[in-house]
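If you read the sequence shown in our numbering, its first letter stands for residue 9, the second for the next number, and so on. One structure below.
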Amino acid sequence: MKALAIDSSASCITIAAKNENNTVTLTLDIGMRQSEKILPAIDTVLKEAELTPSELDYTALAKGPGTFTGLRLAFAALKAIELSHAVPVYGVGTLELYAYPYRALPHKVISVIDAKKEQFFAAVYDGKDVLFEAQDTDLDTILDFIEDGETVIVTGADAALFSNTLRARNSSITTLELPFQGISAQSLFMLAEEQIAKKMPPLQAYEGPAYMRKSEAELALERKVQN
Numbered sequence: 009m010k011a012l013a014i015d016s017s018a019s020c021i022t023i024a025a026k027n028e029n030n031t032v033t034l035t036l037d038i039g040m041r042q043s044e045k046i047l048p049a050i051d052t053v054l055k056e057a058e059l060t061p062s063e064l065d066y067t068a069l070a071k072g073p074g075t076f077t078g079l080r081l082a083f084a085a086l087k088a089i090e091l092s093h094a095v096p097v098y099g100v101g102t103l104e105l106y107a108y109p110y111r112a113l114p115h116k117v118i119s120v121i122d123a124k125k126e127q128f129f130a131a132v133y134d135g136k137d138v139l140f141e142a143q144d145t146d147l148d149t150i151l152d153f154i155e156d157g158e159t160v161i162v163t164g165a166d167a168a169l170f171s172n173t174l175r176a177r178n179s180s181i182t183t184l185e186l187p188f189q190g191i192s193a194q195s196l197f198m199l200a201e202e203q204i205a206k207k208m209p210p211l212q213a214y215e216g217p218a219y220m221r222k223s224e225a226e227l228a229l230e231r232k233v234q235n
């Protein structure tokens, strides 16, 4: 298949184009300059893969949680291709995406992003089983799924922070921190094609990023309604 994938859920973004068995991947660790570089990066990987947007069978993105600006950039770019060339967009949850390469290993996988205020966006997997669905949660809740003395794989944008916090709470647990950057685009292709094979629908026009945590404005509105 011919496809384009973007993971811009963290400050380091990965963009890849796939032309059947050939894949071109570009990773940019550029922080706040994402908005300047995402469109030229898309043009670059498509050109190197000898593709045009109209030839794509689908596009795929990490739909969240993640950075507010990064997620919106990927959605805007791929929705534009969808509108211009009728190419469907498939979304994959960021935590599922980061855990995917490691779920065949004989350890539980914790996929994690720092949500601040001593909270984490996290999910826990054991092989094909989802032990804990992606949520805005705390360390104590995640520890309910880990045994004393167990070895677990930790991946995601804030794996190191989470591992240090976990070990400080329970030193008997061993954490293996495995990378997510640079391999997430290939996982996006695989997970999107699983959705296609299952005849799952692509993202609808009204669907946007999955932030998981309500904004201060949304919380303020809820408080106003309640009062």
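All C-beta atoms, glycine included, are put in the ideal place defined by N, C-alpha and C. In this text the structure is predicted, and so the values were computed from the model without any measurement.
Item to complete: In angstroms with no decimal places, state the Cα-to-Cα distance between D51 and L211.
Response: Cα to Cα, D51 sits roughly 23 Å from L211.
Fill in: E141 - containing beta strand (DSSP E), residue span
Here the beta strand (DSSP E) through E141 covers D137 to T145.
Worksheet item: Rounded to a whole number of angstroms, what is the C-alpha to C-alpha distance between G216 and K71?
Response: Their Cα atoms are separated by approximately 8 Å.
Practice prompt. Hey, could you find the ends of the beta strand (DSSP E) L79 is sitting in?
Written response: Taken as a continuous stretch (DSSP letters only), L79 belongs to no beta strand (DSSP E), being part of the alpha helix (DSSP H) at F76 to H93.
Worksheet item: Of the residues D146, Q143, E141 and L186, which one's Cα is nearest the Cα of T159?
Response: Residue nearest to T159 within the set D146, Q143, E141 and L186 is L186 (criterion: CA-CA distance).
Practice prompt. Identify, in the order they occur along the chain, each residue of the same chain with its Cβ nearer than 7 Å to the Cβ of Q127, setting aside the five sequence neighbours on each side.
Written response: These residues qualify, in order along the chain: D144, T145 and D146.
Worksheet entry | Euclidean distance between Cα positions of S43 and L81 | Looking at the two C-alpha atoms, the distance is approximately 7 Å.
Worksheet item: Helix or strand or just coil, what does DSSP make of Y219?
Response: DSSP places Y219 in coil when its eight states are reduced to three.
Worksheet item: With distances taken from CA atoms, which of Y214, E202, M220 and Y219 is nearest Y66?
Response: Checking every option, the nearest Cα to that of Y66 belongs to E202.
Item to complete: Please list, in chain order, all residues of the same chain as T60 whose beta carbon is under 8 Å from its beta carbon, the five residues on each side excluded.
Response: Contacts found: L54.
Worksheet entry | Through-space distance from A142 to Y133, alpha-carbon basis | Those two C-alpha atoms are separated by around 10 Å.
Practice prompt. Would you kindly work out how many angstroms separate the C-alpha atoms of S179 and V120, rounded to a whole number?
Written response: It is roughly 19 Å from the alpha-carbon of S179 to the alpha-carbon of V120.
Practice prompt. Return helix, strand or coil for E201, following the three-state DSSP convention.
Written response: Note: E201 maps to helix in three-state DSSP.
Practice prompt. Return the bridge partner residues of M25 from the DSSP annotation.
Written response: Checking the displayed sequence, the identity of residue 25 turns out to be Ala instead of Met. Its beta-bridge partners are L12 and V32.
Worksheet item: Going by the beta-carbon positions, is the gap between F153 and F170 smaller than 8 Å?
Response: F170 is positioned such that its CB atom lies no closer than 8 Å to that of F153.
Fill in: Reduced DSSP secondary structure (H/G/I, E/B, other) of T182
It is a strand residue.
Fill in: Per-residue DSSP class, three states only, for K207
Shown here, K207 sits in coil according to DSSP, grouped into three states, outside any helix or strand.
Worksheet item: Going by other Cβ atoms of all chains shown within 10 Å of its Cβ, with 16 needed for buried, is Y214 buried or exposed?
Response: With fewer than 16 other Cβ atoms within 10 Å, it is exposed.
Discussion item. Using a Cβ-Cβ cutoff of less than 7 Å, which residues in the same chain neighbour V100 once the five nearest sequence positions on both sides are dropped?
Written reply: Closer than 7 Å at the Cβ level, and outside the excluded window around V100, lie A68, A70, K71, L196, L199 and A200.
Worksheet item: How would you label T102, buried or exposed, when you count the other beta carbons within 10 angstroms and need 16 or more for buried?
Response: With 16 or more Cβ atoms within 10 Å of its Cβ, T102 is classed as buried.
Worksheet item: Quick one: Cα of A11 to Cα of S62, how far?
Response: In this structure, the straight-line span from the alpha carbon of A11 to that of S62 is close to 10 Å.
Fill in: Candidates G164, I204 and A205, of which the one nearest G74 by Cα
Among G164, I204 and A205, the Cα nearest to that of G74 belongs to G164.
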